[in-house]
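Novice: Starting off with a structure, shown below.
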Amino acid sequence: MFPPPSIRQALLIGASSDSHDELMLIWHTGAMMQKKVAQSTFTQTLAWTGTGALALALLTGCSVAEPDNSDDTATTATSGAAAETSEATGDSTDGASGDQSASASASATDASTSTSAETTAAVAGDDPVFAAIDAFLAEHDDALIVEIDLDDNDTRYDIEAVVGDQILDFDVTLDGEVREDTDDDDDDDQDDIRRAQEADITAEEAARAALDGRDGSTIDSLSLDDDDNALHWEVELDNAQGGDDDLHVDAMTGAVTTDN
């Protein structure tokens, strides 16, 4: 490696010297100076380079944006919304299912109750005597029936009732036509009025009590009486076998006994 120009110049200056040692000293001195200059330059370069790098790092650190958590936030929000939607859907489905089941059960119960009531009414209402009673009371709602008798032709009912302060007789056809019978006269009016006022069981209730458990039977007649000092309804049934059944229905309790 040849000395740089500055060193070569020093060598030329010292070429006139006779001493070889002096020449070598000059050469070494120049080399050492060149080396120091190089080291100083390198050190300064490193210093500037380090400082710049540190500043750049600081600037870079300051300019770096905070981590973008928008995706995570969106994911969390989406997951939360999905969970809430799922929970709401589950609750809604369960509530709807529970409500539908409760509604179906209530409807079935109501239908069963209605069917049972209609069946009972149909069985009890098969006897035309109830239609005759309803038709009569529709025109005389305050009347107290004391006697009902199906005529021999089975086309109408003879009804005797307390209307106001008197006993009146009526004919009620099977199709519900009501007509007062002014030709019939009863000498026992005051006793009939008294019995009607004392009785707790009406003619309709006595008829239903007498027919209870006697399928196929119909009312032929019933009348309010007080034989043996016991107020009762005397009821005659036409049974399913074509015979007659005579019953007593207590006018106070509705208890049914057989008339022997």
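In the numbering used here, the protein residues as written are -12 to 247. Ideal Cβ placement from N, Cα and C applies to all residues, glycine included.
(1) Counting only the same chain and skipping the five closest in sequence on each side, list residues whose C-beta sits under 7 Å from that of Glu185.
(2) To which residues of the same chain is Ser79 closer than 7 Å at the C-beta, ignoring the five residues directly before and after it?
(3) Distance check for Ala148 and Ile188, CA to CA, integer angstroms please.
(4) Using a Cβ distance threshold of 8 Å, determine whether the stretch 148 to 161 contacts the stretch 209 to 229, with at least three qualifying pairs required.
(5) Between Gly203, Thr205, Asp128 and Arg195, which has its C-alpha nearest Val236's C-alpha?
(6) Which residues bound the alpha helix (DSSP H) around Ala218?
(7) So, Leu224 versus Thr244, is the Cβ gap smaller than 8 Å?
(8) Compute the Euclidean distance between the alpha carbons of Ala75 and Gly203, then round it to the nearest angstrom.
(9) Below 8 Å between beta carbons: does that hold for Glu191 and Ile120?
(10) Thinking just about the alpha-carbon of each residue, which of Glu134, Ala238 and Ala193 is nearest to the one in Asn248?
(11) Using only CA atoms, which one of Asp141, Asn140 and Asp145 lies nearest to Ala122?
(12) Would the beta-carbon of Leu234 fall within 8 Å of that of Ala197?
(13) Is Ala183 buried or exposed, if buried means 16 or more other CB atoms sit within 10 Å of its CB?
(14) Using three-state DSSP, classify Glu192 as helix, strand or coil.
(15) Would you kindly work out how many angstroms separate the C-alpha atoms of Trp220 and Asp213, rounded to a whole number?
(16) Please report how far the alpha carbon of Arg181 lies from the alpha carbon of Leu211, in whole angstroms.
(17) How many Å lie between Val133 and Arg201 at the Cα?
Specialist: Well, looking at it:
(1) Along the sequence shown, read from residue 1 onward, the residue named residue 185 stands at position 198. Cβ within range, chain order: Leu218.
(2) On the sequence shown, position 92 is the one that residue 79 refers to. With a pLDDT of only 44 at Ser79, under 50, the local geometry of the prediction cannot be trusted, and the value read off the model is given with reservation. Nothing meets the Cβ criterion.
(3) Within the sequence shown, residue 188 is the residue found at index 201, counting from 1. Within the sequence shown, residue 148 is the residue found at index 161, counting from 1. Using only the alpha carbons, I get a separation of about 14 Å.
(4) no
(5) Here residue 236 corresponds to residue number 249 of the sequence shown, with the count starting at 1. Among Gly203, Thr205, Asp128 and Arg195, the Cα nearest to that of Val236 is on Arg195.
(6) Start at 1 with the first residue of the sequence shown, and residue 218 comes out as number 231. The sequence shown places Leu at residue 218, not Ala. Leu218 -> no alpha helix (DSSP H), and no H or E assigned at all.
(7) Position 237 of the sequence shown, counted from the start, is the residue given in the question as residue 224. Position 257 of the sequence shown, counted from the start, is the residue given in the question as residue 244. Taking 8 Å as the Cβ cut-off, Leu224 and Thr244 do not qualify as a contacting pair.
(8) Working through the sequence shown from its first residue, we reach residue 75 at position 88. Working through the sequence shown from its first residue, we reach residue 203 at position 216. Confidence at Ala75 is low in this model, with a pLDDT of 43, below 50, so its placement is unreliable and the value that follows should be read with caution. About 60 Å.
(9) In the sequence shown, residue 191 corresponds to position 204, counting from 1. In the sequence shown, residue 120 corresponds to position 133, counting from 1. Judged by their CB atoms, Glu191 and Ile120 are nearer to each other than the 8 Å cut-off.
(10) No answer is possible for residue 248: the residues shown for the chain start at -12 and end at 247.
(11) For the purposes of this step, residue 122 is taken as residue 135 along the sequence shown, with counting starting at 1. The candidate whose alpha carbon is nearest that of Ala122 is Asp145.
(12) Sequence index remark: in the sequence shown, residue 234 carries index 247 (1-based). Sequence index remark: in the sequence shown, residue 197 carries index 210 (1-based). Contact: yes.
(13) Here residue 183 refers to the residue found at position 196 when the sequence shown is read from its first residue. It is buried - the Cβ of Ala183 has at least 16 other Cβ atoms within 10 Å.
(14) To locate residue 192, count along the sequence shown from 1; it is residue 205. Glu192 falls in the helix class under three-state DSSP.
(15) Against the sequence shown, residue 220 aligns to sequence position 233. Against the sequence shown, residue 213 aligns to sequence position 226. If you take the alpha carbons of Trp220 and Asp213, they lie about 8 Å apart.
(16) Counting from one through the sequence shown, the residue named residue 181 turns up at place 194. Counting from one through the sequence shown, the residue named residue 211 turns up at place 224. Rounded to the nearest angstrom, the two C-alpha atoms are 11 Å apart.
(17) In the sequence shown, residue 133 corresponds to position 146, counting from 1. In the sequence shown, residue 201 corresponds to position 214, counting from 1. Straight across, the Cα-Cα distance linking Val133 with Arg201 is about 23 Å.
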